[in-house]
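Everything below concerns the one structure shown next.
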Amino acid sequence: MKKPITPYDWHRPAVRDTAAVEIHHPAPLAPVQHTAPLMQPGAVPSVASVVLPDGRVVTGYAISPAQPEPLVAKPAVSRTAVNVALGGVGFLAVCGGLLLLTSFIAALTAFITQLITLAAVIFGGWIAVQILGHGSGGGNTFHVRKAVFKRNHFN
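Quick note: the sequence shown, position 55, residue 60 per this note's numbering, numbers continuous.
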């Protein structure tokens with residue numbers, strides 16, 4: 006008998022009936038036909054028999070021991086050490102370039118500040134001479150009077 010599903014069981018998978026289960030049997034593979042023999046007739050090794058100390062006899066093919074692979078000659082310096090050294094050289098080159106760039110920016114800033122100060126001193130001096138200049142003659146005098154407009158006529 007199935008348990009009724011409550012609102013609290015929404016996250017659980019539903020129980021399925023086992024009566025509708027289908028069984029599938031795998032189909033066997035067809036044997037492969039080899040056209041050429043795997044071993045040459047003369048290449049079959051001779052059968053060897055070994056007598057163990059307890060009197061048992063073990064018969065089988067003689068197997069030549071596996072030869073270890075030749076060792077690859079290691080370089081005198083590891084690749085990791087070379088990479089670390091090259092990274093250090095590159096880092097030093099970048100730091101030197103950044104130091105030069107920083108020095109150049111600081112010098113350019115000081116030069117522009119001096120130019121602005123020089124322009125302010127010269128221009129400020131010129132303005133001071135114009136305002137506080139000589140009071141005797143040479144100046145233009147303007148008399149401003151009130152303009153009156155009457156019926157589109159200027160008086």
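For glycine and all other residues, C-beta sits at the position ideal for the given N, C-alpha and C.
Spatial distance of residue i from residue j (CA atoms)
{"i": "Phe5", "j": "Val82", "result": "Residue 5 cannot be examined here, being either before or after the span of the chain that is shown, 6 to 160."}
{"i": "Gln72", "j": "Thr85", "result": "31 Å"}
{"i": "Val134", "j": "Leu120", "result": "21 Å"}
{"i": "Leu113", "j": "Leu103", "result": "15 Å"}
{"i": "Gly93", "j": "Leu105", "result": "18 Å"}
{"i": "Val55", "j": "Gly65", "result": "9 Å"}
Extent of the continuous beta strand (DSSP E) to which residue i belongs
{"i": "Ser54", "result": "Val52 to Val56"}
Element boundaries [alpha helix (DSSP H), containing residue i]
{"i": "Ala111", "result": "Arg84 to Leu137"}
For residue i, three-class secondary structure by DSSP
{"i": "Gly60", "result": "coil"}
Contact with chain D by residue i, beta-carbon distance below 8 Å
{"i": "Ser69", "result": "Checking the listed chains, one finds no chain D in this structure; it contains a single protein chain."}
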